[in-house]
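Everything in the sequence shown is counted per my numbering, starting at 5 for the first residue and increasing by one. Glycine included, C-beta positions come from ideal geometry on N, C-alpha and C. Report on one structure; see the data block that follows.
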Amino acid sequence: MTDFTPTEMMTIAAARALSNDDVCFVGIGAPSAACNVARLTHAPDITLIYESGTIGTAPDVLPLSIGDGELCETALTTVSVPEMFRYWLMGGRIDIGFLGAAQLDRFGNINTTVIGDYAHPKVRLPGGGGAPEIATSCGEIFITLKQATRAMVEKIDFFTSFGHGDGGDHRQRLGITTKGPTLLITDLAIWRPDAESKEFTVRSLHRGVTRAMVQETCGWAVTFAETLDETPEPTELELGTLRDLQARTTAAHQGKSS
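Put into structure tokens, the structure is as follows:
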């Protein structure tokens, strides 16, 4: 039995959701790790795009930010930010947007702006960046998130990135033609939206995870699929690739040679 952490399971499960032909708009952090593990294992021809304008990026280490030189140095080409958003993103040329969240509700709406009241917040977060446009313009959205009741909430404090709104056909009623969030991968489970209500439903539990563990770390009443799968464990290749990538990243960011 292979030893792995919940975060490693989350990252690898997210990587598996990507295919060789995908064009993917990548967020910094966990989404970046997942996308690059996919590129280094089963999807070598995946096209990774970061909002700073880098297309076909193949970083050797994970970037600290969208402005990290590693992205531009390893990209096939770099375009201006206006071109990236107007032509590539809003032009419907990107299949998948991979996002994280500070707060998430059951319909995939994301808050990365403030915790608490907007005028007098408990915490002021980095903000939306390009995420609001990614959420509405990419063909579909994948979300990665570590489960905690402070993160998975009944009602988010601020709508940064629109998911399925109030559920059902809310996106369509607003004239948004893309699919929105179609996958949520946490450190405990894999979730997908219900076909009708669009509420995220648990479809698969990671090894050793119980329904009670999922509910205890979620701020809304969780819906579980009638038949629950168990997420396949990471393979030696997947785990080794992720750990090597993280080790190179740590060494690079500490100013050491890899």
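With 16 other Cβ atoms within 10 Å as the buried cut-off, status of residue i
i	result
residue 69	exposed
residue 161	buried
residue 226	buried
residue 127	exposed
residue 104	buried
residue 84	exposed
residue 251	exposed
residue 240	exposed
residue 238	buried
residue 1	Only positions 5 to 262 of the chain appear in this structure, which leaves residue 1 out of reach.
residue 215	exposed
residue 258	exposed
residue 229	exposed
residue 31	buried
residue 6	exposed
residue 93	buried
residue 253	buried
Strand pairing of residue i, partner residues [DSSP]
i	result
residue 196	205
residue 107	115
residue 65	Answer by DSSP bridge pairing: none, since residue 65 is not bridged.
residue 1	The first residue shown for the chain is 5 and the last is 262, placing residue 1 beyond what the model contains.
residue 233	208
residue 100	28 and 144
residue 13	Paired residues: none, contrary to the question.
residue 128	118
residue 239	None; residue 239 has no bridge partner.
residue 82	58
residue 190	149
residue 156	108
Three-state class that DSSP yields for residue i in the structure shown
i	result
residue 41	helix
residue 177	helix
residue 94	coil
residue 169	coil
residue 58	strand
residue 253	helix
residue 228	strand
residue 75	helix
residue 182	coil
residue 248	helix
residue 70	coil
Contacts around residue i, its chain only, beta-carbon distance under 8 angstroms, and the 5 residues preceding and following it disregarded
i	result
residue 51	26, 27, 28, 59 and 60
residue 196	186, 187, 188, 204, 205 and 207
residue 201	171 and 172
residue 100	22, 26, 27, 28, 29, 142, 143, 144, 145 and 146
residue 222	151, 153 and 156
residue 121	161
residue 129	106, 115, 116, 117, 118 and 119
residue 49	24 and 25
Contacting residues, own chain, Cβ-Cβ under 7 angstroms from residue i (five flanking each side not counted)
i	result
residue 40	63, 66 and 249
residue 190	14, 149, 150 and 151
residue 80	59 and 60
residue 193	206, 208, 209, 210, 213 and 218
Closer than 8 angstroms to chain D by CB, residue i
i	result
residue 135	Annotation note: the requested chain D is absent from the structure, which comprises a single protein chain.
Same chain, Cβ closer than 6 angstroms to residue i, five either side skipped, listed in chain order
i	result
residue 167	111, 112, 113, 184 and 185
residue 56	70 and 71
residue 18	38, 148 and 189
residue 198	205
residue 165	114, 135, 136 and 139
Would you call the stretch 105-118 in contact with the stretch 131-144, where contact means no fewer than 3 C-beta pairs closer than 8 angstroms?
yes
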